[in-house]
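Read left to right, the sequence shown gives residues 1233 to 1671 (the working numbering). Virtual Cβ for every residue (Gly too), placed ideally from N, Cα, C.
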Amino acid sequence: MKCKNFYYQKCRGFLLACYFLFLVGVTLVSSRELFARTSFDFKTGDDIQILSDKAYRRTSKSEYNAVGNVVIVHGTEMLYGEKASLKYGLGTLNVEGNVRYVGEGITFYGTSLFYNFKKNNLKVKDARIIADNFVVWGEVISRPKKGFVNATNAEYSTCRDCPESWSIFGKSIKITLGQYIRIKEAYIKVNGVTVLYVPYIILPIKKKRESGLLFPSFSFPSGEGVYYRQPWFWNISQSMDMTFTPSFFGLRGNGTEVQLRKVFGHRNWLEFDTILIRDQIFNENRSANGSEEIENRAFYEWEHHFSLGENLNHHLHYTNGTDLDLLKDFDFFTEKKTFSPEWGGATFLEFRNSFFESSIEGHFYRNQLMNSPFEFDEEFIQILPQLNFSTIPINLWNISSSLFKNMNIGFEADLKVFKQNHFKETNNIRNARRLNSSP
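The structure is reproduced here in structure tokens:
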């Protein structure tokens, strides 16, 4: 019996020891997790919360170190990295390893970061900034105070998803957020190739519409030199603006582009676009004797839409040019405004209500498939006009029967007038009227 009691007491003691060690382990792990998620209050009143996989504090040095998946929350700002060292007495923070700072309207990326919470200044190495309307990347990017960003040996672009299409490299870049960007010793790049050097340049980065210069564009058509276009935006009013773009088209000479936009109200607007060129090589390319006579060339587009309530709608779109070769010579302008192998105008006027719809429409087009760029295809068939009428389906009956449960009736019809600009009939009918109707 004594042997059994001794064995029982020994087992119980072993189990109690194991249980005690388990509690100690759980306590240490819990305290470690709690310690890695600590909140600090600066003397200035700044509230900082740090979360990480591991952390330790040196009270004597007023220092807190965090390692692994570090997340730092400071008001509306957030910082991320692999390692962080916080001196909460001084209010300074060093973060290393794939760092990221997320603030209001701007995000910094880099390899290391220094942040002074008390002075609100920030410095990032091997950095990249992504803002709402621009991107900057460079060796060192700093924020001396809120609203201002400085960069050294950096590049700037407004193309967030395609930075190689164009950018500006500068030895020094100073950004006033929401206002302007100032670049010293600027090298303008297109597709990664430097095309222009400017000692000093100021560009607007404002979100609100304001009058001023927009970013220029460059292109290099084969055998025609350099195209340079400098747009100027005029904010006439909240509902009206104009963009005026003086341009230099290489060997072709000078020209300009004009865009006018006006909004009258909901679904009521108009837009006018045109390009004008004093072309110095157009006649030279076409003439056998190499004539250098300057040719005035132009392409224009007009489009408007007007609605009167929900019942009456009107739309018109018109494009034309002095010659058909504009389509290939200035495709950067004409391609986006040409939707078919024809230029010309199309319009409609429509009335609808809850019972029927009626409309009148028509088009007068210029065929582009001509031998001469100045020729008009008089035999091209126009629609002048087309009348449409249709009713909504009217329910005659609705019964609970296996056959003919529902019966609806409606009506639609259209009348088209086909017409050539100059009447010229052949074996095929080209000028006619056609009526289609169906119940």
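Proximal residues to residue i (C-beta, below 6 Å), its chain only, five neighbours per side dropped
| i | result |
| --- | --- |
| F1538 | N1500 and H1546 |
| I1526 | R1510 and Q1512 |
| T1291 | none |
| S1399 | E1387, S1389 and K1421 |
| Y1381 | It is Val, not Tyr, that sits at residue 1381 in the sequence shown. Once the five neighbours on either side are set aside, the close Cβ partners of V1381 are R1375 and I1407. |
| R1289 | Y1296 |
| H1549 | E1535 and A1578 |
| V1356 | F1340, G1342, L1345 and I1373 |
| L1667 | L1647 |
| F1565 | I1507 |
Residue i to residue j span [Cα, whole Å]
| i | j | result |
| --- | --- | --- |
| R1665 | F1621 | 16 Å |
| S1443 | D1279 | 42 Å |
| T1339 | F1401 | 20 Å |
| F1636 | P1671 | 18 Å |
| L1428 | D1364 | 26 Å |
| L1616 | W1575 | 16 Å |
| T1554 | I1624 | 45 Å |
| N1515 | W1466 | 35 Å |
| E1582 | L1502 | 18 Å |
| E1489 | A1359 | 38 Å |
| E1185 | G1594 | Since the first and last residues shown for the chain are 1233 and 1671, residue 1185 lies out of range. |
| L1540 | T1551 | 25 Å |
| A1383 | C1391 | 18 Å |
| G1497 | F1480 | 36 Å |
| I1362 | G1337 | 9 Å |
Start and end residues, beta strand (DSSP E) containing residue i
| i | result |
| --- | --- |
| K1203 | The requested residue 1203 does not occur in the structure, where the chain is confined to residues 1233 to 1671. |
| D1675 | For residue 1675 there is no data in the structure shown, the boundaries of the chain being 1233 and 1671. |
| S1634 | Careful: S1634 lies outside any beta strand (DSSP E) and carries neither H nor E. |
| L1318 | E1309 to K1319 |
| S1451 | S1449 to S1451 |
| Q1411 | Unbroken run through Q1411: none, as it is neither H nor E. |
| D1364 | Taken as a continuous stretch (DSSP letters only), D1364 belongs to no beta strand (DSSP E), as it is neither H nor E. |
CB contact flag (residue i, residue j, <9 Å)
| i | j | result |
| --- | --- | --- |
| R1529 | L1559 | no |
| P1453 | G1482 | yes |
| I1433 | I1415 | yes |
| F1346 | L1322 | no |
| P1463 | L1445 | yes |
| F1650 | S1669 | no |
| E1314 | V1299 | yes |
| A1316 | V1327 | yes |
| G1379 | G1410 | yes |
| P1573 | Q1600 | yes |
| M1639 | L1647 | no |
| R1662 | E1611 | yes |
| T1220 | Y1532 | Not covered by the structure: residue 1220. The range shown for the chain is 1233 to 1671. |
| M1472 | V1458 | no |
| K1351 | K1377 | yes |
| Q1470 | R1493 | no |
| D1563 | P1605 | no |
| N1385 | G1370 | yes |
| I1626 | I1641 | yes |
Coarse secondary structure for residue i, derived from DSSP in three states
| i | result |
| --- | --- |
| N1653 | coil |
| N1543 | coil |
| N1515 | helix |
| F1565 | helix |
| T1551 | strand |
| G1482 | helix |
| L1559 | helix |
| S1469 | strand |
| K1438 | coil |
| T1384 | strand |
| K1293 | helix |
| V1334 | strand |
| N1627 | strand |
| P1605 | coil |
| V1458 | coil |
| S1491 | As written in the sequence, residue 1491 is Gln, which differs from the Ser given in the question. Three-state result, Q1491: strand. |
Residues near residue i by beta carbon distance below 7 Å, same chain, minus five either side
| i | result |
| --- | --- |
| D1273 | Bear in mind that the predicted position of D1273 carries a pLDDT of just 43, short of 50, making it unreliable; the figure below should be weighed with that in mind. Closer than 7 Å at the Cβ level, and outside the excluded window around D1273, lie D1279. |
| R1484 | E1456, I1509, D1511, Q1512 and I1513 |
| P1478 | Q1462 and T1488 |
| N1301 | S1284 and D1285 |
| L1619 | I1592, D1646 and L1647 |
Contacts around residue i, its chain only, beta-carbon distance under 8 Å, and the 5 residues preceding and following it disregarded
| i | result |
| --- | --- |
| V1303 | I1282, L1283, S1284, M1310, L1311 and Y1312 |
| Q1652 | E1610, E1611, F1612, I1613, Q1614, R1662 and N1663 |
| F1655 | N1663 |
Distance cut-off 8 Å: residue i Cβ against heavy atoms of the ligand COA
| i | result |
| --- | --- |
| V1302 | Of ligands this structure carries none, so the ligand COA is not represented either. |
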